[in-house]
Amino acid sequence: MSTPAPPPSRPERPWTLRCLVGGTLLEGVGLAVGAVVVLVELVRGKSDAAGTSIALVVLALALAALLGVAGRALHSGARWARSPVATWQILQALVGVTWWQETRSPWAGVLVLVSVVLLVLLMVPSVVALTTDRAPRDGDS
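Using our numbering, the letters of the sequence shown map in sequence onto residues 14 to 154.
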């Protein structure tokens with residue numbers, strides 16, 4: 014009787030990729046929580062613009078879903094996931110800069126900082142190599 018061959022080991026993901034995926038997923042969760050807050054305000058009648066609130070909820074939930082899918086795809090090394098994550102970081106940084114100019118809120122600085130950190134992590138050579146390699150990955154044919 015022969016012993017079964019051990020399953021192929023998955024290559025270790027670099028800490029930079031794990032941080033990038035975690036940050037992306039946390040942003041998605043933050044957007045989903047924000048959508049729920051706006052929805053609760055709408056239901057309680059505290060929103061003066063129902064149409065705008067509904068649009069914000071739909072947009073935030075769509076972005077949360079996109080970031081969730083992209084974060085998972087980045088973890089598995091999918092090349093396509095880099096673009097939506099990078100685009101979101103640029104848009105989020107622009108919102109943060111505009112917010113800072115208007116209010117000097119420390120939360121605006123947090124938005125910009127998170128965006129810069131995740132953009133840098135997206136460009137780290139180990140992450141780029143893992144997400145641009147042409148070799149088949151788990152689940153690819």
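Quick reminder that beta carbons are idealized off the backbone N, C-alpha and C, glycines included. What you are looking at is a predicted structure, and each value in this text was computed from that prediction instead of being measured.
query                                                                                                                                                                 : result
Using the rule of at least 16 other Cβ atoms within 10 Å of the residue's Cβ for burial, across every protein chain shown, is Gln102 buried or exposed?               : buried
For Glu54, which residues in the same chain have their Cβ closer than 6 Å to its Cβ, ignoring the five residues on either side in sequence?                           : Ser60
Between which two residues does the alpha helix (DSSP H) harbouring Pro138 extend?                                                                                    : Pro138 to Thr145
Just to confirm my understanding: we take Ser66, look at its own chain, exclude 5 residues before and 5 after, and list those with CB closer than 6 Å. What are they? : Val51, Leu55 and Ser60
Leu135: buried (16+ other C-beta within 10 angstroms of its C-beta) or exposed?                                                                                       : buried
Thinking Leu33 and Val140 are a contact (beta carbons under 8 Å), I'd like their distance in whole angstroms, please.                                                 : 6 Å
Whole-angstrom Cβ separation of Ala86 and Leu44, contact assumed at under 8 Å?                                                                                        : Not really, about 17 Å apart at Cβ, beyond 8 Å.
Which two residues bound the contiguous alpha helix (DSSP H) that contains Arg85?                                                                                     : Ala63 to His88
Should the segment 89-109 be regarded as contacting the segment 119-135, the criterion being three or more beta carbon pairs within less than 8 Å?                    : yes
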